[in-house]
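In the working numbering, the protein residues as written are 99 to 206.
For reference, the structure discussed in these notes is given below.
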């Protein structure tokens with residue numbers, strides 16, 4: 099696992115099928131992740147669809163997931179699953195503090 103990054107972001111609901119809820123990572127965090135993982139904008143760095151395994155924490159809830167590259171923002175999207183939103187009593191439009199660590203390179 100690599101160094102922890104702390105940031106705050108707003109939860110937003112994807113309008114597409116499935117109703118996924120995301121937080122867009124700030125540009126400085128995205129740049130640090132690209133540096134650490136060796137991936138660059140528009141390239142997957144050898145990872146499926148450019149996804150990168152991470153460990154996230156909001157409040158007292160921790161979970162392992164993958165962040166997804168986002169062409170629109172030039173950053174990454176952190177999916178926040180329903181169990182986390184329920185446990186922390188948060189939803190779309192809420193601003194939350196996030197602790198995020200990139201997990202050691204692992205194959206998909």
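No residue lacks a Cβ here, since even glycine has one placed at the ideal position from N, Cα and C.
query, result
"I believe residue 198 touches residue 154 by the beta-carbon criterion, under 8 Å. Please report the beta-carbon distance rounded to the nearest angstrom.", "5 Å"
"Report the rounded CA-to-CA distance for residue 104 versus residue 187, giving the unit in angstroms.", "20 Å"
"Starting from residue 174, follow its DSSP beta bridges and name the residues at the other end.", "167"
"So within the segment 105-159, which uninterrupted beta strand (DSSP E) runs reach at least 3 residues, ignoring any that extend past its ends?", "119-122 and 150-156"
"Can you tell me which of 158, 176 and 126 puts its alpha carbon nearest to the alpha carbon of residue 150?", "176"
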